[in-house]
Each structure stands twice: as C-alpha cells, then as structure tokens.
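Colleague:
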Amino acid sequence: MAMVERVLPGLRMLAVAVGSLGGLSAGAYGLLNTQSKRARTVIGVPKDRPFLADGVYLPDGTGPVARGAALPFAVFGDSSAAGLGAESADRLPGVRLARGLAEELGEPVRLVTHAVVGSRTTHLAAQVDAALTDPPAVALVLVGGNDVTARLGIAESAALLARQVDRLLAAGVAVVVGTCPDLGAIRPIPQPLREVARRYSLALARAQARALTGSGAVVVPMAALLTRHFVDRHAELFSPDRFHPNGAGYGLAADMLLAPLCAAAGLWEGRRS
30 MAMVERVLPG
40 LRMLAVAVGS
50 LGGLSAGAYG
60 LLNTQSKRAR
70 TVIGVPKDRP
80 FLADGVYLPD
90 GTGPVARGAA
100 LPFAVFGDSS
110 AAGLGAESAD
120 RLPGVRLARG
130 LAEELGEPVR
140 LVTHAVVGSR
150 TTHLAAQVDA
160 ALTDPPAVAL
170 VLVGGNDVTA
180 RLGIAESAAL
190 LARQVDRLLA
200 AGVAVVVGTC
210 PDLGAIRPIP
220 QPLREVARRY
230 SLALARAQAR
240 ALTGSGAVVV
250 PMAALLTRHF
260 VDRHAELFSP
270 DRFHPNGAGY
280 GLAADMLLAP
290 LCAAAGLWEG
300 RRS
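First residue of the sequence shown: 30, per the numbering used here; consecutive thereafter.
1) Return yes when the Cβ of Asp270 is within less than 8 Å of the Cβ of Gly333, no when it is not.
2) Do you know whose CA, among Gly243, Glu132, Arg128 and His152, lies nearest Ser108's CA?
3) Name the DSSP beta bridge partners of Gly84, please?
4) Closest by CA to Ala99, which one among Arg128, Ala292, Leu161 and Ala246?
5) In angstroms, rounded to a whole number, what distance separates the CA positions of Ala160 and Leu212?
6) Quick one: using the 10 Å Cβ neighbour count with 16 as the cut-off for buried, is Arg239 buried or exposed?
7) Is Thr150 near Val172, with beta carbons less than 8 Å apart?
8) Beta strand (DSSP E) containing Pro101: first to last residue?
9) For the beta strand (DSSP E) containing Leu161, name the first residue and the last one.
10) For Gln193, count neighbouring C-beta atoms within 10 Å of its own C-beta (all shown protein chains included) and say buried if the count is 16 or more, exposed if not.
11) Let's see if you can read the secondary structure: which residues bound the beta strand (DSSP E) around Ala168?
12) Going by beta carbon distance, what residues of the same chain come within less than 7 Å of Arg227, once the five residues before and after it are set aside?
13) I'd like to know whether the C-beta of His263 is nearer than 8 Å to at least one C-beta of chain B.
14) Between the C-alpha atoms of Leu130 and Met285, what's the straight-line distance to the nearest angstrom?
15) For Ala294, which of Ala82, Val124, Leu198 and Ser186 has the nearest alpha-carbon?
16) Go through its chain and collect everything with a Cβ distance to Ala187's Cβ below 6 Å, but skip five positions before and after it.
17) Here's a check: name, in chain order, each residue in its chain whose Cβ is nearer than 6 Å to the Cβ of Arg196, leaving out the five neighbours to either side.
18) Can you tell me which of the three DSSP states Ala187 falls into?
19) Determine the burial state of Val94: buried for a count of at least 16 other Cβ atoms within 10 Å of its Cβ, exposed for fewer.
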C-alpha cells in the first residue's frame, strides 16, 4: 500500500487548492495547516532505504541467485513498490511476488526493481526508459500516492500513468497496475486533513482506472481491496513509522496482486505450459 514520503506539505498545497476552488474558509484552512504541521512532527522523515533483493527466484522458493534463464519481472513506482518499511529482503513485495510467480509458473523468475522511494508519476518515464533497454515479460506498477505533493491535476497524473503503461504494452510487456491506495488509512494524519487525503487519493485511483480502460493493462483497485484491513489492523500491518506498511502489510498487498500477475503472464489462458 503506497504511503507517501512527502504527503503532509503536499496536503497543505491541496488544502490551498480546496480553499480556492471550493470556498474553504480561512479558519478551516488554518485548521488544516495546523493539522499538517502536527502530523509531520509525529511521522518525521524516513531515513532508511528499502532492501534490494533483485535476482532469479526458483519455483522451490529459493533465491535470489545471480544467473540463469528466467522470466523477467519488473517492478515500477514508489515506496510501495520498492518495499520501504519491510523488515527484511524476504518481506519485500517484489520478492514475495517473484517467488509466487515462480511457484505458479513452474519456472524461474528474474526480479528487477526500478521503483524508487519518493517517486511520483512524473518520475515513471525514467524508470520505463531504463527498463525498455531490455524489456521484461511482466511488469507491476504501483504509483500515485506521492502525486499529492505535486502541482499536477488528477487528470494529468492519470494521463501520465497511461502514457508510460502504453509504452510498456507497446514493447510487448504484460502490465499490472495497482491504483492509488486510500491515504485516509494513515492514522498519524489527523482529521480533517486525513479526509482531504482520502478524497484526493480515491479520486486519483478512479482517474487512473479510467485512463487505463481498454489499454490491455490489468488494473487492481488497491484501496477497495486493502483499506478495510489497514484501518482495522493498523498496528499489525504498518511499520513503526506508522506511515509505510511493514512486511505483513506488503504480504497482504502481494496476495492481492499475485493472481492478476499470473493472469497477465498468461498462466490461465493457455499461453504458458
């Protein structure tokens, strides 16, 4: 579940937009501004980097190994794709999915992580550029949460995502996209600021899904699948920063994504033995 690294100053900018477009009073904006400062103090700034465990994963669950013929699987996006907050390399979402794909496909899978912590949709083009020098067979894209910090409109953000997904599809890559998660599940963001975050992120998720309709990409509604779990099991699924998922949280997300990735890879359509 994507947890944005710079959500709080971004939400303050969003509050300005809400005020100018929706008639937010000076008092209400002042409250949002105060809430933003408070939440930033509670959350702090992430200092760690996610583990990196790229390599080949075998159907028996072993790996990563450095070499060998394998189905290339690439991961693009932000901290939710990179796995910031996971306690070990084994608990990274990419590793869990590479192992799951290898087991289901009955063949080795090579994981290549292009995702970068803090990325917005505007940064996705550079990740895709790097990948297309040697295109993967299957790709997962998780991006959108950090777009709350940018001055992009929701429609523009969704269009940028669709453009990069189209580039991957044109190169023959099977693509799965997890849409923007519900940022309202982040408890350190107090109300009413959390409600602003929730509305923005859900509107972006809907726009992403619309922009990808008919593209050929498999779209997974992460907010619809995960929000209830992250709200009800907050202590169990978030890392100590209370902002990014922990290994259990990423495991839950991977469970939701594995079947769509297998379908994208053609496992259940007779395209693979």
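Where a beta carbon is used, it is the ideal one built from N, C-alpha and C, also for glycine.
Nothing here was measured: the structure is a model prediction, and the numbers come from that model.
Modeller: Let's see:
1) This structure cannot speak to residue 333, because the chain is shown only from 30 to 302.
2) Counted from its first residue, the sequence shown places residue 108 at position 79. Distance check between Ser108 and each of Gly243, Glu132, Arg128 and His152 places His152 closest, using alpha-carbon atoms only.
3) If you number the sequence shown from 1, residue 84 lands on position 55. Looking at the DSSP assignment, Gly84 forms a beta bridge with Leu140.
4) One-based indexing of the sequence shown puts residue 99 at position 70. Among Arg128, Ala292, Leu161 and Ala246, the Cα nearest to that of Ala99 is on Arg128.
5) Along the sequence shown, read from residue 1 onward, the residue named residue 160 stands at position 131. Along the sequence shown, read from residue 1 onward, the residue named residue 212 stands at position 183. CA-CA distance, Ala160 to Leu212, rounds to 29 Å.
6) Looking up residue 239 in the sequence shown gives position 210. By the 10 Å Cβ count, Arg239 comes out exposed.
7) Here residue 150 is taken as the residue at index 121 of the sequence shown, counted from 1. Here residue 172 is taken as the residue at index 143 of the sequence shown, counted from 1. Closer than 8 Å, so yes.
8) As a position in the sequence shown, residue 101 is number 72, starting the count at 1. Segment Leu100 to Gly106, the beta strand (DSSP E) holding Pro101.
9) One-based indexing of the sequence shown puts residue 161 at position 132. For Leu161, no beta strand (DSSP E) run applies, since DSSP gives it neither H nor E.
10) Translated into positions along the sequence shown, residue 193 becomes position 164. Per the 10 Å Cβ criterion, buried.
11) By 1-based counting over the sequence shown, the position of residue 168 is 139. It spans Val167 to Leu171 - the beta strand (DSSP E) in which Ala168 sits, taken as one unbroken run.
12) Within the sequence shown, the letter at position 198 stands for residue 227. Excluding positions up to five away in sequence, the list reads Asp211, Leu212 and Gly213.
13) Absent here is chain B; the protein component of the structure consists of one chain.
14) The residue labelled residue 130 in the question sits at position 101 within the sequence shown. The residue labelled residue 285 in the question sits at position 256 within the sequence shown. Going by the C-alpha atoms only, they are around 13 Å apart.
15) The sequence position of residue 294 within the sequence shown is 265, counting from 1. Ala294 has its Cα closest to that of Leu198, out of Ala82, Val124, Leu198 and Ser186.
16) By 1-based counting over the sequence shown, the position of residue 187 is 158. Answer for Ala187: Ala236, Gln237 and Ala240, listed in chain order.
17) Mapped onto the sequence shown, residue 196 falls at position 167. If we look at Arg196 and ignore the five residues flanking it on each side, its Cβ neighbours are Val157.
18) Looking up residue 187 in the sequence shown gives position 158. Here Ala187 sits in helix by DSSP.
19) In the sequence shown, counting from the first residue as 1, residue 94 sits at position 65. Looking at its Cβ environment, which holds fewer than 16 other Cβ atoms inside 10 Å, Val94 is exposed.
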